[in-house]
Structure formats: structure tokens, C-alpha cells
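Written below as C-alpha cells is the structure these notes are about.
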Amino acid sequence: MSVDASTVRRIAHLARIAVSDDEVPHLQGELNAMLAFVEQLSEVNVEGVEPMTSVTPMEMKKRADGVNDGNIADDIVANAPATEDHFFLVPKVVE
Amino acid sequence: MTDLTSLTLAEARDGLAQKSFTSLELTEAHIKAVEQARALNAYVLETPDQARTMARAADEKIAKGEGGPLGGIPLGVKDLFATRGVRTTACSKILDDFKPTYESTVTSQLWRDGAVMLGKLNNDEFAMGSSNETSCFGPVINPWRREGSDTKLVPGGSSGGSASAVAAGLCLGATGTDTGGSIRQPAAFAGIVGMKPTYGRCSRWGIVAFASSLDQAGPFARTVRDTAILMRSMAGHDPKDTTSVDRAVPDYEAAVGKSIKGLKIGIPKEYRLDGMPQEIEKLWAQGADWLKAAGAELVEVSLPHTKYALPAYYIVAPAEASSNLARYDGVRYGARVEGNNIIEMYENTRAAGFGPEVRRRIMIGTYVLSAGYYDAYYLRAQKVRTLIKKDFEDCFAQGVHAILTPATPSAAFGIGEKAGADPVEMYLNDIFTVTVNMAGLPGIAVPAGKDAQGLPLGLQLIGRPFDEETLFSIGEVVEQAAGHFTPDKWW
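Chains as they are written, first to last, in numbering that gives the first Met the number 0: chain A, 0 to 94; chain B, 0 to 490.
Next comes the structure, spelled out in C-alpha cells:
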């Protein structure tokens with residue numbers, strides 16, 4: 000499988016990465032090189048094979064559903080580019 | 000007095016205990032070495048004041064007999080580990096001036112045990128790379144050079160700053176992370192020891208995530224013993240990482256020097272690649288002879304799905320990365336580039352913040368997870384991963400204790416030498432290491448010889464899950480036979 004220019008633009012938009020028109024051919028070439036490389040996986044017989052979902056055979060640990068952290072609003076917004084009164088500021092999303 | 004930066008970590012520990020020198024003296028010697036080695040670009044942030052404060056505190060504790068296993072030992076930290084109040088960037092522009100308000104579990108355990116932080120070490124952006132050339136702070140230079148040449152060589156990646164710093168005596172040990180070979184490949188390129196532990200052995204909490212089912216933290220040091228000492232402090236269960244394993248941490252150092260008599264070591268025939276350089280073949284055979292001489296039994300084994308590990312990795316890792324890196328949106332931390340609306344703000348922020356390699360991997364990951372392609376790519380790759388893991392399980396079920404392979408297909412290469420149009424050329428560096436991450440196993444790279452141009456080469460040992468101790472025992476046999484490798488100082 001390989002990707003065309005419009006697919007490259009669609010993936011970039013899905014990934015939320017702005018791509019200019021003159022970057023598309025280069026990206027297309029690189030993505031197609033990677034896709035050609037992974038193509039060899041189609042030779043493998045995976046009939047009846049379970050996909051790996053856990054690297055080490057272990058049951059996921061669960062903890063009690065209780066609050067064990069909090070009251071650190073200053074810490075949480077400390078690195079944000081724009082905040083006001085412990086809120087993150089973003090461009091207007093609702094008209 | 001001998002140069003304190005040339006001591007091994009174990010020697011420094013013993014010297015501190017015997018009051019031959021103080022942690023402050025040891026730390027000052029390293030601070031000076033770091034300042035003189037800026038040409039290597041190994042450190043992206045030096046923290047000398049913090050180091051002195053930590054060293055003084057360590058000296059007080061040592062005086063009271065409470066030094067701890069790493070009391071007063073100066074270390075470097077890969078810039079992927081969150082360090083409280085100290086800029087942590089993953090060497091990406093998108094994290095800008097991020098100063099975590101928390102400490103990663105692994106580094107907090109190092110400080111708990113008395114270690115001193117010298118600074119943050121360079122790495123490939125978000126740990127994506129095999130040469131440390133994708134860092135937003137520029138490439139790291141390997142302290143090793145080809146005989147009679149001053150061509151600048153890469154230290155490998157992604158933990159290139161860690162490898163370069165340890166090899167050049169800019170710290171007694173360092174942390175790294177390994178997703179496809181990012182500890183073992185740079186360790187081999189720099190002539191030092193690097194261990195990628197079993198998945199789940201070290202907590203991932205507070206480490207900038209790349210591919211969560213593959214990432215694992217581990218130590219770098221100049222000897223097997225030093226690596227084992229660091230490993231004991233880094234490992235352990237952490238309730239904050241649900242994939243960290245609740246299992247006692249052994250005294251890894253006790254495994255160093257243990258006899259390997261009677262151990263069964265597998266030599267996987269699939270690792271004998273077409274066109275593999277003869278010196279790599281020779282090194283591998285030499286390593287097998289050393290182990291045989293130490294009483295191990297060498298057997299040929301088969302890992303039939305080896306060749307599919309790298310392509311499966313280049314689906315699984317980018318897929319997980321595309322998901323993990325969705326958090327960099329210019330809202331909660333890091334840099335922001337404005338746009339006409341919120342989507343444009345995301346797109347502009349991410350276009351400006353991510354370098355080309357990271358952008359490429361996010362895009363391939365987005366594609367293989369997108370509607371209509373998930374089954375053909377991601378699901379198939381995860382099935383192949385099951386088969387890769389089963390290959391190892393079958394091999395261990397036959398009584399094999401560990402597997403010996405080369406660490407890399409070549410020695411260190413020059414800066415810019417593999418920057419061609421095809422990204423796959425660079426990816427092939429990890430051909431011997433990536434299988435280990437796919438199966439979640441422990442692996443260690445130990446320097447074992449030099450190539451014709453005088454550059455270090457490493458061997459890799461792959462172990463059973465949670466049997467790092469056997470790797471330290473066998474690794475030390477290789478080290479005893481091969482000796483130590485120190486680059487001539489030119490910087």
C-alpha cells in the first residue's frame with residue numbers, strides 16, 4: 000500500500016500537524032518508504048494468533064476508587080502558556 | 000590524587016566510604032570535566048549548584064554512616080526523565096521551558112539512595128532516533144574517533160548524551176530509556192555497558208512517554224558491576240505505573256562475578272545477516288568462545304520471526320507515539336503558536352514544535368491507526384509481536400538461560416552519514432536490539448572489542464524475563480575477557 004498527496008494532507012490534519020503544500024511530496028516519499036518496509040509483514044501467517052495486549056503476563060492492578068491527590072491547581076497550570084484563575088486559556092471554541 | 004573522574008562507580012563508592020575524598024570533591028571534579036567537554040554536547044542542562052547542594056547533603060549523611068547505596072555518586076539524567084523544578088524537554092522544542100512540578104519515580108529512587116545530579120543529558124527528540132541527531136539541541140558527539148581521523152561520529156541514540164557522557168568521564172553513570180535499542184546501541188557505540196531491563200522492572204512514571212508498551216528505563220556505566228549497582232536503585236514496584244511489576248529487587252551486584260559454568264547460551268542463527276561485516280561475525284564468535292571457556296554450553300537456537308521484528312516495531316511504536324504525543328497541544332504546557340481557531344492553534348503549535356523525525360512517526364502512527372487500516376497494519380503487527388515473543392519462549396523452554404548476539408550491525412558512523420531520503424536505513428541500526436523490546440525481555444550490551452578503525456563494538460545478551468542477574472554474570476565474563484575501553488581525550 001502507498002499513500003497519495005491527498006492522503007498525506009488528510010493524515011496531517013488527523014494528526015493536527017500543519018503541512019504546507021511544498022512539504023507534501025517529501026513527506027509522501029518518506030511515508031511510502033516506511034510503508035514499503037513494513038509490507039513484508041503480509042508474508043507472515045497470523046491465522047489464529049492472538050494480538051499482544053500485555054507485554055508481561057499480569058493482571059492489571061486496580062486501586063480503590065478514592066481521591067488520593069489534589070489541591071495542586073498551581074502546579075497543574077504552572078507550565079501552561081496561557082492561564083487565568085487556574086483555568087487554561089484557549090481560542091474561542093463555541094460561537 | 001588520581002583523577003576522580005576516571006574511577007569506576009564502585010571505586011568511587013568505596014573511596015567515599017573510606018573517606019579518601021568527599022562527595023563534594025568528587026562532584027567538583029565531574030563539574031569541571033563537564034565544563035571542559037561542552038564540545039561533545041552531551042549535557043543539555045548543567046546543574047552544578049544543585050549538584051554541590053546534593054553532594055554536601057550526601058557528605059553529611061556519609062559522615063553519619065547513612066550514605067545509602069549511591070551516597071555521593073554524581074550521575075547524569077537523560078532529559079526524558081521529569082526532574083522537579085529542573086527543565087525537562089525530551090529535547091523537543093514543543094516542551095519549551097517545561098519545569099516539572101514532580102519527580103520521575105526512577106530518579107527519585109536514585110536521590111533516595113544518595114546520588115547527586117550533575118545535569119540533564121541530550122537525546123534524540125522524544126527518544127526517536129538511533130544517532131542522537133534529531134535533538135533540538137543539536138547532535139551529540141561520540142568521544143571515540145576513528146584512528147587517525149577527526150571526523151565527528153555519532154554516539155548512537157536515542158540515549159546518546161548518556162552514552163557519550165559516561166564514556167568521556169562526565170559522570171559515573173547515567174539513566175537512559177530503551178524503546179527499540181536506545182540504551183544498548185549507544186552503549187555499544189561508546190564502548191560502555193548499558194542494560195535494558197525486563198518490561199515492568201522499572202517504573203515508567205514521570206518519564207516522557209514514547210511507546211508505552213516498549214519503553215523501559217535502564218542504566219549506563221563503564222563496568223558491568225557499576226551498571227548492576229545502578230540497576231538496584233532504579234528498579235522496583237511503583238503503584239503509579241500499573242505495568243510496573245510487584246516483585247522484590249535482587250542485589251544485582253551479587254550476581255557480578257558469579258560462575259556461568261553449566262549455563263546454556265543460545266546463538267540464534269537468524270541473527271547471522273547477509274552482508275554482515277566480518278568483524279562483527281568475528282566478535283560474535285570470539286564472545287561465544289569466551290563463554291565456552293568459562294564453562295557455558297553454547298547451542299544454536301532458532302528465532303524464526305526475527306526479520307519481522309523491525310517492521311512490526313515501525314507500526315507498533317509510531318502508533319503508540321501518535322497517541323502519546325497527542326497531549327502536546329499548546330494548552331497545558333510547552334510552546335504555543337496561535338491560529339485563527341483552536342484547530343489551527345493545535346496544527347501550528349505541533350508543526351513548529353515537532354522536528355521532522357517525530358512528525359514522520361506521528362503521521363505513520365496516525366495512518367496505521369486510522370479507519371480502514373487498523374486491521375491491516377496495527378492488529379497484524381500486534382499478532383506478529385505475539386509470534387516474536389513465542390520464539391523466545393520456545394527457546395527458553397529448551398533450557399536456554401541467555402542468548403548471545405552482536406549489539407549493532409556496525410560501529411559508530413559519522414554525523415550526517417545516514418541522513419538520506421530513506422528513513423529505513425537509519426532504522427536498521429536497531430535490527431539486533433528491537434526484538435528484545437517487542438518481547439519485553441531484558442538485554443545488556445557489553446563492550447567486547449574494536450573494529451579495524453579502532454572503534455568499540457559491543458555484544459548483546461538477552462535474558463529470560465526478570466533474570467537480569469544472569470545477564471550481569473555473563474556480561475562480566477565478557478568484560479573480563481575483553482577488557483575496558485577508554486577513548487583518548489581530544490575535547
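Here a beta-carbon is modelled for each residue, glycine too, at the ideal position from N, C-alpha and C.
Beta-bridge annotation (DSSP): B:D177 is paired with B:Q215.
As far as DSSP is concerned, B:E343 takes part in no beta bridge.
Here B:G453 has R145 and E146 as same chain residues with Cβ atoms under 7 Å from its own Cβ, once five neighbours each way along the sequence are excluded. Between B:Y270 and chain A, the shortest Cβ-Cβ separation is not below 9 Å.
Under DSSP, A:E83 takes part in a beta bridge, and its partners are A:F86.
Contact annotation: the segment 170-178 of chain B touches the segment 67-79 of chain B, with at least three C-beta pairs closer than 8 Å. Taken in chain order, the members of the segment 415-429 of chain B whose beta-carbon sits within less than 7 Å of a beta-carbon on chain A are A420, D421, P422 and V423. Nearest CB-CB separation between B:A89 and chain A: not below the 9 Å threshold. In the DSSP assignment, B:M194 falls within the beta strand (DSSP E) that extends over V192 to K195.
Counting other Cβ atoms within 10 Å of its Cβ, B:A187 reaches 16 or more and is therefore classed as buried. Listed in chain order, the alpha helix (DSSP H) elements of length 4 or more contained wholly in the segment 123-175 of chain B are 159-166.
In this structure, DSSP gives B:G118 an extended state, which the three-state scheme calls strand. Rounded to the nearest whole angstrom, the CA to CA distance from B:I341 to B:I461 is 47 Å.
With respect to B:N323, B:A210 sits close: the two C-beta atoms are nearer than 9 Å. Contact annotation: the segment 54-66 of chain A does not touch the segment 28-44 of chain A, with fewer than three C-beta pairs closer than 8 Å. No Cβ-Cβ contact shorter than 9 Å links B:F20 with B:Y332.
Checking the DSSP bridge columns, you'll see B:E296 partnered with B:K263. Secondary structure remark: continuous beta strand (DSSP E) runs of at least 3 residues inside the segment 65-105 of chain B, in chain order: 73-77. Its Cα nearest to that of B:T52, the residue B:L25 stands out among B:D487, B:G265, B:L25 and B:D466.
Of all residues in the segment 85-116 of chain B, only F97, K98 and T100 come within less than 7 Å of chain A when Cβ atoms are compared, listed by chain position.
Close CB contacts of B:H236 within its chain, under the 8 Å cut and outside five residues either way in sequence, are with S202, S243, V244, D245 and R246 (chain order).
The segment 85-105 of chain B makes contact with the segment 43-50 of chain B; the number of CB pairs closer than 8 Å reaches 3 or more. Put simply, the CB of B:T222 is far from chain A, with every gap to its CB atoms at 9 Å or more. In this structure, DSSP gives B:E416 a state outside helix and strand, which the three-state scheme calls coil. For A:V23, no CB of chain B lies under 9 Å from its own CB, so it is not counted at the interface with that chain. Residue contact check for B:A375 against chain A: a CB pair falls below 9 Å. Per the C-alpha coordinates, the member of B:G190, B:A380 and B:S321 positioned closest to B:T485 is B:G190. A direct Cα-to-Cα measurement between B:G168 and B:A411 gives close to 19 Å. For the options B:N40, B:M344, B:K291 and B:A220, the alpha carbon positioned closest to that of A:V89 is the one of B:M344. With distances taken between CA atoms, B:P405 lies nearest to B:E280 out of B:E280, B:E132, B:E424 and B:A81.
For A:A17, the closest Cβ of chain B is nearer than 9 Å. In the displayed model, B:I228 falls within a helix according to three-state DSSP. Taking 9 Å as the CB threshold, A:G28 lines the interface with chain B. When secondary structure is reduced to three states using DSSP, B:I206 falls in the strand class. Taking C-beta atoms as the reference points, B:G286 and B:A451 fail to come closer than 9 Å. Secondary structure remark: continuous beta strand (DSSP E) runs of at least 3 residues inside the segment 352-376 of chain B: none found.
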